[in-house]
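Colleague: The sequence shown begins at 1 in full-length UniProt numbering and counts up one residue at a time.
Quick reminder that beta carbons are idealized off the backbone N, C-alpha and C, glycines included.
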Amino acid sequence: MKQPVRLALLGCGTVGAEVVRLLHEQSADLAARIGAPLEIAGIAVRRIGRDRGELPVDPALFTTDALGLIKRDDVDVVVEVVGGIEPARSWLVEALRAGKSVVTANKALLAEDGGALHDAAVEGGGDLYYEASVAGAIPLLRPLRESLHGDRITQVTGIVNGTTNFILSAMHATGAGFAEALEEATALGYAEADPTADVEGFDAAAKAAILASLAFHTRVGAADVHREGITEVTAADVASAKAMGCTIKLLCIAARSTDAQGQESVNVRVHPALIPLTHPLASVGDAFNAVFVEADAAGQLMFYGRGAGGAPTASAVLGDVVAVSRNRLAGVRSASESSYAALPVRPMGEALTRYHISLDVADRPGVLEAVAGVFARHEVSLATVRQGPAGGGNGDAVLVIVTHVAPDAALAATVDELRGLEIVRSVTSVLRVEGGF
Ligand code: NDP
Ligand code: HSE
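1. What does the Cβ neighbour count give for Y340, buried or exposed, with the cut at 16 atoms within 10 Å?
2. Going by DSSP, what residue range makes up the alpha helix (DSSP H) through R97?
3. Should H118 be labelled buried (16 or more other beta-carbon atoms within 10 Å of its own) or exposed?
4. Could you tell me whether the segment 302-310 touches the segment 172-181, using the rule of 3 or more Cβ pairs below 8 Å?
5. Just mark E123 as buried or exposed, buried being the case when its beta carbon has 16 or more other beta carbons within 10 Å.
6. Do V270 and A208 have their C-beta atoms within less than 8 Å of each other?
7. Kindly give me the distance between the Cβ atoms of V324 and D127, rounded to whole angstroms, as I take these residues to be in contact under 8 Å.
8. I'd like to check one pair, I210 with K107: are the Cβ atoms closer than 8 Å?
9. Which residues mark the beginning and the end of the alpha helix (DSSP H) in which D194 is found?
10. Assuming V160 contacts G307 under a Cβ cut-off of 8 Å, what Cβ separation, rounded to an integer in Å, is found between them?
11. In this structure, how does DSSP classify S334 when only helix, strand and coil are distinguished?
12. Rounded to whole angstroms, how far is the Cβ of V75 from the Cβ of R6, which I believe are closer than 8 Å?
13. If you compare alpha carbons, which of Y130, E86 and T353 is closest to V380?
14. At a cut-off of 7 Å, would you count V5 as near the ligand NDP, judging by its Cβ distance to the nearest heavy atom?
15. Could you tell me whether the Cβ atoms of V77 and V321 are closer together than 8 Å?
16. Is the beta carbon of P365 within less than 7 Å of some heavy atom of the ligand NDP?
17. Consult DSSP for I159 and reduce its assignment to one of helix, strand or coil.
18. Check whether the segment 400-410 touches the segment 330-338, counting contact only when three or more Cβ pairs, one atom from each stretch, lie closer than 8 Å.
19. Should H356 go down as buried or exposed, given a rule of 16 or more other Cβ atoms within 10 Å for buried?
20. Quick check on this structure: which residue in V238, S338, A376 and D286 has the alpha carbon closest to the alpha carbon of R431?
21. From T164, L318, N327 and P56, pick the residue whose C-alpha is nearest to that of A204; which is it?
22. In its own chain, which residues sit with a C-beta less than 7 Å from the C-beta of A176, not counting the 5 before and 5 after it?
23. Pull up the CB-CB distance for L329 and A36, whole angstroms please, since I reckon it's below 8 Å.
24. Using the Cα positions of L343 and A215, report the straight-line distance between them to the nearest angstrom.
25. By DSSP's criteria, L250 is part of a beta bridge. Which residues make up the other side?
26. Would you grab the beta carbon distance between R425 and D363 for me? Rounded to a whole angstrom, and I think it's under 8 Å.
27. Thinking C-beta only, is V374 closer than 8 Å to A414?
28. If you drop the 5 nearest sequence neighbours on each side, which residues of the same chain put their C-beta closer than 6 Å to that of D408?
29. Might you give, ordered along the chain, the residues of its own chain that have their beta carbon closer than 6 Å to the beta carbon of Q387, omitting 5 neighbours on each side?
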């Protein structure tokens, strides 16, 4: 057995505490798999005195001096489970430049400035692994960055946020509104006290950027991702989706396309969308995650599992720790970031989508013709139109329109013009439709 591989653990919260527990429980197996034991050199936290329950670790290992710990000569691998942009970025750049290997679960940092970390890893010669940053326990990034490197990925479509999937699944199952379903998610511990990052789509957008970067060999950052959350999704939208044989999911979509001149580009977006109940992602319920990958030779692949939680996320972290430790012992590093394709990111307006639009309109002759005329002027073709009474007893009607595929900008302009029509009392809902309905 070789000399121990020494870890600096940055953070000992939900994920970090489980990393400590698993390192203890699995120590013999991990050592056998790596060829050397793993040892914790120190654990950096914000509050030394915080009650951490019965953690199987020497309390003397805790420190508030993260940078001092990282710089120690006896630290080989830095495991970052703190989160946020700073000081995590400075710590990890420092560690990587010094030749240490880094394992991180920090999707926000990778999406904000992953390039700085990859560059520092090349400079220092260590590894940068981040399997836990997207979809928790699901082995997904390794397949994208290794197993599928012989193929050409065309699209990645995923449910990558457990909190919003729990909320939308509850709305579908019970008919509850958004606020009620969020309350349930909070009571059950799925949603955080401040659920903004989840319900407004920031968390999913960070993950979308990481997935797109790996799938398309292109640096894609959070700012390149079109983002919409689920706060505007209503019980009526969910009921309308159900009536069409669909459900509503917060999707992350990263798609490659080629224009008439042969120029390839990518579009990366996060928004709620109707998908048919027959689509593999429709049956992903509760707080589970799933990612659907389409590649030229492999065809369709689906990755499914727990996307959050201390133990599932720690599983992915430890898988990375084993990989980077083996590399260090063998004196090798994994392949660097692959961003050679450098594809341009297409703006959302050019993305091809379908829409589901609900309108409150005056119930009188000529209304349908006027509404259809607006779609025609923007060259958006209608797929289905349903009409029902508004139920308010004021002579209005509800129109639910589903379009064929059109550029997102044309659909948005159509909705803008509809809003200005005297016969349209209100545009009550605008949602995209995905997944081959
Ligand atoms: P927590 O908030 O539970 O834990 C954060 C830890 O970081 C705490 O131990 C905290 O110290 C420590 N910390 C915070 N600021 C500092 C600082 N300035 N210096 C030293 N230590 C500090 O976060 P999670 O465990 O939930 O998440 C960690 C990372 O994993 C994040 O990047 C998150 O996005 C990612 N992730 C989390 C998942 C989950 O299900 N929770 C799933 C997938 C990824 P103290 O304990 O003293 O407060
Ligand atoms: N808040 C995230 C979720 C945690 O709900 O999926 C995992 O990144």
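Modeller: So, from the data block:
1. Under the 10 Å beta carbon count, Y340 is surrounded by fewer than 16 other beta carbons and is classified as exposed.
2. Where R97 is concerned, the enclosing alpha helix (DSSP H) stretches over A88 to R97.
3. By the neighbour-count criterion, in which a residue is buried when 16 or more other Cβ atoms sit within 10 angstroms of its Cβ, H118 is buried.
4. These segments do not touch.
5. So E123 ends up on the exposed side.
6. A contact, by the Cβ cut-off of 8 Å.
7. In this structure V324 is in contact with D127, their Cβ atoms being roughly 4 Å apart against a cut-off of 8 Å.
8. Yes; because the gap between Cβ atoms is below 8 Å, this pair is in contact.
9. Boundaries cannot be given for D194, as no alpha helix (DSSP H) includes it and DSSP labels it neither H nor E.
10. Yes, V160 and G307 are in contact; Cβ-Cβ is about 6 Å, under 8 Å.
11. DSSP places S334 in coil when its eight states are reduced to three.
12. Between R6 and V75 the Cβ distance is about 5 Å, and since that is below 8 Å, they are a contact.
13. Per the Cα distances, T353.
14. In this structure, V5 has its CB at a distance of at least 7 Å from all heavy atoms of the ligand NDP.
15. At a Cβ-Cβ threshold of 8 Å, V77 and V321 count as neighbours.
16. Checking the Cβ of P365 against the ligand NDP gives no.
17. The three-state reading of DSSP puts I159 in strand, counting E and B together.
18. No, they do not touch.
19. Its Cβ being crowded by 16 or more others within 10 Å, H356 is buried.
20. The sequence given here places Leu at residue 431; Arg does not occur at that position. Checked all of V238, S338, A376 and D286; the closest Cα to L431 is V238.
21. Answer by Cα proximity: T164.
22. A170 and A235.
23. For L329 against A36, the beta-carbon gap comes to about 6 Å, under 8 Å, which counts as contact.
24. Their Cα atoms are separated by approximately 11 Å.
25. According to DSSP, which records beta bridges pairwise, L250 is partnered with P272.
26. Between D363 and R425 the Cβ distance is about 10 Å, and since that is not below 8 Å, they are no contact.
27. The identity of residue 414 in the sequence shown is Thr, whereas the question assumes Ala. Result yes, Cβ atoms of T414 and V374 sit closer than 8 Å.
28. Answer for D408: M348, G349, A351 and T353, listed in chain order.
29. Counting only residues of its own chain and dropping the five nearest sequence neighbours on each side, Q387 has a CB closer than 6 Å to the CB of A397 and L399.
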